[in-house]
Amino acid sequence: MRNLELFSTASIDHLMWSQKDYSANLDSPALSIFTDFDHNQPMVIDSSASAVDTADIMVKTHAFMRLVVDKSNRFLGIITQYELSHSKMMKLATKNSCNINDLQVTELMVPRDALMALDYHQVATANVSDVVRALQENGLHHMLVIDHELHHIRGLIAANDVARKLNVPIDIHQPPSFSQIFKATR
184 MRNLELFSTA SIDHLMWSQK DYSANLDSPA LSIFTDFDHN QPMVIDSSAS AVDTADIMVK
244 THAFMRLVVD KSNRFLGIIT QYELSHSKMM KLATKNSCNI NDLQVTELMV PRDALMALDY
304 HQVATANVSD VVRALQENGL HHMLVIDHEL HHIRGLIAAN DVARKLNVPI DIHQPPSFSQ
364 IFKATR
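Each residue of the sequence shown is one higher than the one before, starting from 184 at the first, in the working numbering.
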């Protein structure tokens, strides 16, 4: 075993900033803005976690979304800060005649059967502008990427990651609801 020596940081006042150019542009390959779970651990939350605790964890870790998994790490759905808003939790607790602290993340998550995803091989041949357009047209801040051959969630594309790599804001608007369309036609 090797003993490692510790050093004082008292005289160290600068951070190391990567000199690698991580910027992308709209013509860059879509894989350049893709979070590949083959290289990065997915951010997950256990299905038995409380909704209130999950909301707190997501705020503290600056995460907008987490993948919900069961004890065997099987993918169940996603949870976002939007679903975990205080008003949504209060509304569900009132509906279920329970305390907000009794809600589990599974009661508020978007289940996997309600999610749409891109295929990894499709992303591998696309460019960033194709992905940005898909995010905007579908009103999605996150898009899962699946590998049909392996039958896995392969990764994720997040609008805020894309915006950071492009150095431009990306506006994502929710598609209009039926009631909004109906009101507009009256």
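Where a beta carbon is used, it is the ideal one built from N, C-alpha and C, also for glycine. Predicted, not measured: the structure shown is a model, and the values here were computed from it.
- Task: Could you pull out every residue in the same chain whose Cβ sits closer than 8 angstroms to the Cβ of THR237, ignoring the five residues on either side in sequence?
- Result: ILE228, ARG249, ILE262, LEU267, VAL288
- Message: What does the alpha-carbon distance come out to for the pair ASN282 and LEU275?
- Response: 9 angstroms
- Item | For LYS271, the three-state DSSP class (helix, strand or coil) | Note: LYS271 maps to helix in three-state DSSP.
- Which partner residues does VAL328 have in the DSSP bridge list? LEU301, GLY338
- Message: With distance defined between alpha-carbon atoms, name the residue in HIS197, ASP296, LYS278, HIS304 nearest to LEU214.
- Response: HIS304
- Neighbourhood of LYS271 by C-beta distance below 7 angstroms, restricted to the same chain and skipping five residues each side: LEU291
- Item | Residue nearest to ILE340 in terms of C-alpha spacing, selected from HIS197, MET226, SER191, MET199 | MET226
- Item | Rounded straight-line distance, which links the Cα of PHE190 to that of ASP196 | 14 angstroms
- Item | Simplified DSSP assignment, three categories, for ASP344 | If DSSP states are grouped into helix, strand and coil, ASP344 belongs with the helices.
- Message: With a threshold of 7 angstroms on Cβ separation, who are the neighbours of PHE217 within its own chain once the five nearest residues in sequence on each side are excluded?
- Response: VAL306, VAL328, GLY338, ILE340
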